[in-house]
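Comments concern the structure below.
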Amino acid sequence: MEPNPDAIQSQITCAKCHDLVGSRFMKALGKEYHPECFTCLDCGVPVASKFYTFTLDSNQTLHLCERDYFARLDLICDNCQDFLKESYIIAANKKYHTDHFTCSACPVVFGPEDSYYEHNGQVFCHFHYSIQFAVMCAGCEMAILKQYVEIDRKDDVEHWHPECYMIHKYWNVRIAQPSIEDAVDRSPQTPSQLLEKHQETEEKVFRIWQVLSAFEESSALCISEMLLHVSNGSYINGICISERFLVHVEALFSGIDELLMIYHEHKQQEFKYTREAKMLCKKIINFFSLMWKTQEVEMRKLGISQELLSLITGLAHYLKILIRVALSAALRLDLIVGKPVAVSRLLAKLMEVAGKERHSRDSQRLVKSKEATDCCCCCKLSIEDQCMKSGQFRWHIRCFVCHQCKRSLADHTHLAVFNASSHTLMCTRCSGSRDSTTNSFEYVTKLVQYAFLLRVALSRLCSLLHITGTKSLSLSLLISRSFKTAKRSTIIGNANTSIIDDVEQGTSATTANINKIDNNTGTNTDNSNDNTNTAANRPAPARSDSLVRLSDQNKELPPLPTHALANKTRHRPQKSIGLDDLPQFAALTVAEHPPYSLGRATATPTTLPSTQLSPHHPPTQPQTHNQTHPYTHPVATTAMAGRMFAPHAGTRSRIYLSELSALQYMIIRHVAVVHIEPYVREHFTLGELLNMIELKKASIWGKFFTSFRTGGGRKAQKCKEEGTFGVPIDVLTEKTGVESNLGAGPSPIKIAGFLDDAITAMRQKDMSVEGVFRKNGNIRRLKELTEQLDKHPHDVDLTSENVIQIAALLKRFLRELPDPLLTFKLHGLFTCAQKITNPSTRRHVLHLACCMLPRCNRDTLEVLVLFLRWVASFSHVTTDVGSRMDIPNLARVIAPNILTTDSKDPVKDDSFSAIGVVEVLLESCEELCLVPEELEPFLQDPSLADASAMMDISSKEFLKK
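Per UniProt numbering, residue 1 is the first one in the sequence shown, and the count goes up by one each step.
Now the structure itself:
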């Protein structure tokens with residue numbers, strides 16, 4: 001008997017409510033439901049008419065509505081909350097319809113190729129992210145949207161674009177100058193304006209870094225090769241490299257002239273550059289004079305002297321200052337005008353160094369010419385300023401007058417007629433001639449005349465060295481060969497013409513056409529990222545160091561003569577050379593080419609006839625239009641000019657004291673006590689020497705006897721802990737310390753922020769100002785600066801002060817330390833060591849005494865003496881220019897500030913011995929930075945390697961080990 005279908009149907013229950021379904025039901029997924037019971041399992045909406053199935057990981061199948069089905073698939077637009085059926089965009093871990101992917105603050109829709117920026121899970125367009133959330137660059141004050149450099153400035157953290165940071169590090173110039181931008185408000189108002197400004201700034205910054213870094217490296221390479229050739233007696237090669245260096249100087253001068261033209265066009269006041277340019281030219285002419293002097297037979301084996309080292313340091317210093325002045329002036333003018341015209345024209349002139357080879361032809365004419373003259377055609381006096389020129393003839397501006405009626409023709413050159421046979425200049429009215437087209441007169445700027453004088457000096461040097469005939473041909477071949485290698489230059493350009501073809505066409509000497517010049521080789525910069533040069537995917541800049549303050553050991557040194565690099569020391573630079581690296585490079589060359597015992601070179605080299613520039617120049621200081629943080633820290637500078645006296649190269653590497661760990665330095669301090677004791681045992685016992693380095697914990701008896709000695713109830717004076725002046729050096733370094741690269745070693749050295757900023761600011765000034773560190777500066781301004789540095793140190797910009805003022809401030813800082821830099825405890829030991837008669841023994845004992853200083857004091861002393869030694873190199877720039885502050889004079893003014901006694905007994909305050917101590921420290925600063933050779937084995941002693949055990953024992957227990 002078959003079952004009744006109606007009876008069976010009446011027994012079916014709903015899978016959800018479990019009631020009988022009756023005659024109205026639906027079947028889905030193998031189950032029966034009331035139509036109203038078949039709902040979405042997520043939201044409960046009836047889905048009888050349309051549903052989607054979704055299978056869980058447990059193989060359970062769910063019936064869902066359309067929205068919850070797409071939600072389970074994570075296909076919901078985050079903007080409209082509708083489901084995504086077609087193509088969509090994924091951003092910030094969210095999905096969007098292609099037309100719903102918009103900025104969270106505006107309706108801008110992002111296309112497939114557009115950039116967007118995330119913040120707190122939201123996406124923003126370039127405009128709103130830049131003005132609301134982006135971190136601003138401390139250099140250009142534009143939003144940082146890609147990679148950046150983070151610098152910890154004590155209580156503040158600065159963020160930089162990599163290129164902006166490197167520009168500030170090398171030239172102390174910030175792309176944005178707030179004082180000008182506040183006066184000229186051109187802040188972008190619309191998204192398109194902001195994007196355009198951001199792209200322009202990014203491209204400008206990258207171009208500045210690219211061109212200036214290549215120009216500086218190429219210039220530094222020329223100077224280093226000049227040093228090597230002269231030290232080896234290779235004078236023809238030295239002349240070739242000198243000519244290549246002149247090309248760089250001419251290019252820089254030409255760029256400055258371009259800026260001056262733009263300044264005049266926009267009726268702006270000229271920037272100050274004359275003193276720096278003149279000092280650079282003086283250094284170059286002095287270098288030529290030194291080449292002439294040292295080539296004489298009795299002087300040929302002199303080798304490289306301190307005089308030559310000082311010249312090389314000066315060349316690098318003034319070239320660096322001039323680059324900074326030009327860049328600051330160009331940036332300032334761009335901000336005032338509102339168009340990027342000045343910077344682009346300056347860089348274009350510098351780029352011409354590598355593009356042409358006209359300078360090589362000019363050099364040949366200078367070598368072969370007998371007619372080159374720097375004298376005025378009228379008064380026969382040397383021309384050292386702007387002038388007028390026609391062919392080979394030149395006139396002072398004041399002499400460019402009609403010979404008959406004395407009418408000035410400088411502003412009316414079309415009325416001037418020159419008679420070459422009688423060498424007379426007349427106006428058209430007095431000469432009776434109405435046709436002056438045969439005469440072509442042009443105005444020669446001050447810097448073009450300077451460049452011409454350098455060319456004349458080089459020509460006369462060739463004559464004095466008797467480079468004629470076959471030697472001239474050899475010189476031609478050398479210059480040609482040297483410029484063929486210039487294709488490796490980092491500045492974009494290639495040499496296309498041959499120098500030999502133009503030798504036969506040489507005429508009398510003229511000033512070099514600085515619009516058509518070429519360059520020497522530079523070195524490739526090293527980029528750790530990909531090599532694309534697009535603005536969107538540009539690698540972080542790298543040059544002679546990395547952005548993490550440590551030396552980049554992967555960088556290769558440009559190809560220099562192999563004999564100069566035969567004996568490599570442990571820390572010989574293996575990377576590209578910059579102007580800041582030249583003093584250290586020169587010092588290493590001094591070590592490898594020690595002078596022979598023919599006596600010391602005179603203080604000022606004999607100058608070439610009629611080529612020295614006038615000593616009369618404005619006494620003003622070089623001005624740069626840049627705003628910097630008061631404690632700006634040159635984080636990545638690997639070889640500051642203060643390192644100009646490196647240790648002598650040897651077969652065995654030496655260890656810098658700044659490289660030692662805390663335990664290693666403690667070992668050195670105690671071992672130094674043992675080694676110094678035999679030299680001073682007549683004055684100090686071993687226990688007294690140990691007391692000089694041991695910091696004892698205050699016990700009850702110690703407090704009692706201290707109170708007894710200080711007069712019972714009188715409390716010991718409490719040291720100041722806030723501010724900058726009068727704070728103990730260790731406390732100040734702990735609170736404001738920066739990892740500085742002003743030391744001699746390859747590792748950063750921690751010193752007080754004020755000291756780092758003061759020295760960095762002075763390094764960027766003209767140090768040939770007479771009386772630096774001797775004069776007291778403006779007393780009222782000194783007091784104001786002291787109060788500001790104590791209360792609001794971040795508001796003080798030391799770079800805006802003159803060098804005399806900063807030097808006086810530095811002396812006051814040292815003088816007001818509660819415990820002098822060389823400490824009260826060690827005062828007697830230092831003065832006792834100075835009384836040792838044997839000079840070498842005296843230096844050695846003072847070296848050991850320096851090793852006994854507290855770590856913070858010793859590190860500060862290293863930076864200070866290296867800087868002061870560098871300052872001394874500017875004591876006699878020429879016979880009439882210089883600070884006059886040589887080592888003995890610096891010792892006299894610095895000693896009372898760093899080596900004094902707390903005793904009231906005038907007998908114990910041996911000021912003359914203190915001056916002698918400081919003088920020896922300055923003269924031997926290269927050795928003071930190293931661990932004494934006889935102490936090095938103790939660093940490898942395994943019995944002293946247990947840090948946890950050694951750091952807690954007393955000095956007497958340490959000596960027992």
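We put the CB at the ideal spot given by N, CA and C, even for glycine.
Three-way DSSP call (helix, strand, coil) for S382 in this model: The count along the sequence shown starts at 1 and reaches residue 382 at position 382. Strand at S382.
Coil, strand or helix - H161 by DSSP: Taking the first residue of the sequence shown as position 1, residue 161 is located at position 161. Correct three-state label for H161: coil.
Cβ separation of I887 and L922, assumed to be a contact under 8 Å, to the nearest whole Å: As a working mapping, residue 887 is identified with position 887 in the sequence shown. As a working mapping, residue 922 is identified with position 922 in the sequence shown. Rounded, the Cβ-Cβ distance is 5 Å, consistent with contact.
Contact belief for S242 with M261 at Cβ below 8 Å, rounded distance in angstroms: In the sequence shown, the residue the question calls residue 242 occupies position 242. In the sequence shown, the residue the question calls residue 261 occupies position 261. 29 Å between Cβ atoms; not a contact.
Of the residues N59, S58, Q81, H414, the one placed nearest E66, counting alpha carbons only: Counting from 1 along the sequence shown, the entry for residue 66 is found at position 66. Ranking the options by Cα distance to E66, first place goes to Q81.
Endpoints, alpha helix (DSSP H) assigned at E217: Within the sequence shown, residue 217 is the residue found at index 217, counting from 1. Run containing E217: 191–231, per the alpha helix (DSSP H) assignment.
Neighbourhood of I915 by C-beta, 7 Å cutoff - its chain only, sequence neighbours within 5 removed: Start at 1 with the first residue of the sequence shown, and residue 915 comes out as number 915. Once the five neighbours on either side are set aside, the close Cβ partners of I915 are A891, R892, A895.
A744 and F773 closer than 7 Å at C-beta: Within the sequence shown, residue 744 is the residue found at index 744, counting from 1. Within the sequence shown, residue 773 is the residue found at index 773, counting from 1. No, the pair does not count as a contact, with Cβ atoms beyond the cut-off.
Cβ-Cβ separation, K94 to D78 (assumed contact under 8 Å), whole Å: Position 78 of the sequence shown, counted from the first residue, corresponds to residue 78. Position 94 of the sequence shown, counted from the first residue, corresponds to residue 94. Yes, D78 and K94 are in contact; Cβ-Cβ is about 4 Å, under 8 Å.
Beta strand (DSSP E) segment containing residue 968, residue limits: For residue 968 there is no data in the structure shown, the boundaries of the chain being 1 and 961.
Whole runs of the alpha helix (DSSP H) within the segment 734–771, excluding any shorter than 4 residues: 753–763
Length-filtered (4 minimum) alpha helix (DSSP H) runs lying within the segment 240–272: List check, alpha helix (DSSP H) in window: nothing returned.
C240 to S219 span [Cα, whole Å]: Taking the first residue of the sequence shown as position 1, residue 240 is located at position 240. Taking the first residue of the sequence shown as position 1, residue 219 is located at position 219. Taking the straight line from one Cα to the other gives about 14 Å.
Beta-carbon proximity check, residue 976 vs K349, cutoff 7 Å: Outside the shown range of the chain, which is 1 to 961, sits residue 976, and nothing can be said about it.
Beta-carbon gap between I729 and L742 smaller than 7 Å: The residue labelled residue 729 in the question sits at position 729 within the sequence shown. The residue labelled residue 742 in the question sits at position 742 within the sequence shown. Not closer than 7 Å, so no.
L928 to P839 span [Cα, whole Å]: Locating residue 928 in the sequence shown gives position 928, counting from the first residue. Locating residue 839 in the sequence shown gives position 839, counting from the first residue. Approximately 15 Å, taken between the alpha carbons.
Proximity below 7 Å, CB of W395 to CB of C387: Taking the first residue of the sequence shown as position 1, residue 395 is located at position 395. Taking the first residue of the sequence shown as position 1, residue 387 is located at position 387. Yes, Cβ-Cβ distance for W395 and C387 is below 7 Å.
Buried or exposed (CB count within 10 angstroms, at least 16 for buried), L322: Taking the first residue of the sequence shown as 1, we reach residue 322 at position 322. Classification for L322: buried.
DSSP-derived helix/strand/coil call for A330: Looking up residue 330 in the sequence shown gives position 330. For A330, the three-state secondary structure derived from DSSP is helix.
Span of the beta strand (DSSP E), counted from its first residue to its last, around T841: Taking the first residue of the sequence shown as 1, we reach residue 841 at position 841. Note, T841: premise wrong, no beta strand (DSSP E); alpha helix (DSSP H) at 839–851.
Residue closest to G139, alpha-carbon to alpha-carbon, out of K146, E158, I12: For the purposes of this step, residue 139 is identified with residue 139 of the sequence shown, where counting begins at 1. For G139, the nearest C-alpha among the options comes from E158.
Straight-line gap, P664 to V845 (C-alpha atoms, nearest Å): Taking the first residue of the sequence shown as position 1, residue 664 is located at position 664. Taking the first residue of the sequence shown as position 1, residue 845 is located at position 845. Reading off the sequence shown, one finds Gln at residue 664, where the question assumed Pro. Their Cα atoms are separated by approximately 20 Å.
Three-state secondary structure assigned by DSSP to C14: In the sequence shown, counting from the first residue as 1, residue 14 sits at position 14. Coil, per DSSP.
Residue span of the beta strand (DSSP E) that contains K95, given as start and end: Reading the sequence shown from its first residue, position 95 is the one you call residue 95. It spans 94–97 - the beta strand (DSSP E) in which K95 sits, taken as one unbroken run.
L56 classed as buried or exposed, judged by whether at least 16 other C-beta atoms fall within 10 angstroms: For this step, residue 56 is matched to residue 56 along the sequence shown. L56 should be labelled exposed.
Integer Cβ distance of F70 from L62, believed to fall under 8 Å: Taking the sequence shown and counting its residues from 1, one reaches residue 70 at position 70. Taking the sequence shown and counting its residues from 1, one reaches residue 62 at position 62. In fact, because the Cβ distance is near 13 Å, the residues do not count as touching under 8 Å.
Inter-residue Cα distance where the pair is S883 and N419: Position 883 of the sequence shown holds residue 883. Position 419 of the sequence shown holds residue 419. Their Cα atoms are separated by approximately 47 Å.
Which residues DSSP lists as bridging M426, in chain order: As a position in the sequence shown, residue 426 is number 426, starting the count at 1. Its beta-bridge partners are V417.
Burial state of F400 (16 or more Cβ within 10 Å): The count along the sequence shown starts at 1 and reaches residue 400 at position 400. So F400 ends up on the buried side.
Buried or exposed by the 16-neighbour rule on C-beta atoms within 10 Å, applied to R275: Position 275 of the sequence shown holds residue 275. The residue is buried, with at least 16 neighbouring Cβ atoms inside 10 Å.
From V341, L319, F287, residue whose alpha carbon lies closest to that of H266: Mapped onto the sequence shown, residue 266 falls at position 266. When C-alpha distances from H266 are compared across V341, L319, F287, the shortest belongs to V341.
Segment contact flag, the segment 775–791 with the segment 868–881, C-beta cutoff 8 Å, min 3 pairs: no
L280 versus V173 - alpha carbon distance: Counting from one through the sequence shown, the residue named residue 280 turns up at place 280. Counting from one through the sequence shown, the residue named residue 173 turns up at place 173. About 20 Å.
Same chain, Cβ closer than 6 Å to I749, neighbours up to 5 away in sequence not counted: Your numbering for residue 749 matches position 749 in the sequence shown. Cβ neighbours of I749 beyond the five flanking positions: S658, S740, G743, D859.
Q805 and G777 closer than 7 Å at C-beta: Within the sequence shown, residue 805 is the residue found at index 805, counting from 1. Within the sequence shown, residue 777 is the residue found at index 777, counting from 1. Cβ atoms of Q805 and G777: closer than 7 Å.
Classification of R300 by the beta-carbon crowding that lies within 10 angstroms, buried from 16 upward: Residue numbering aside, residue 300 sits at position 300 when the sequence shown is read from its first letter. The predicted model places R300 with a pLDDT of 45, which falls under 50 and marks its position as unreliable; any figure quoted below should be read in that light. Result: exposed.
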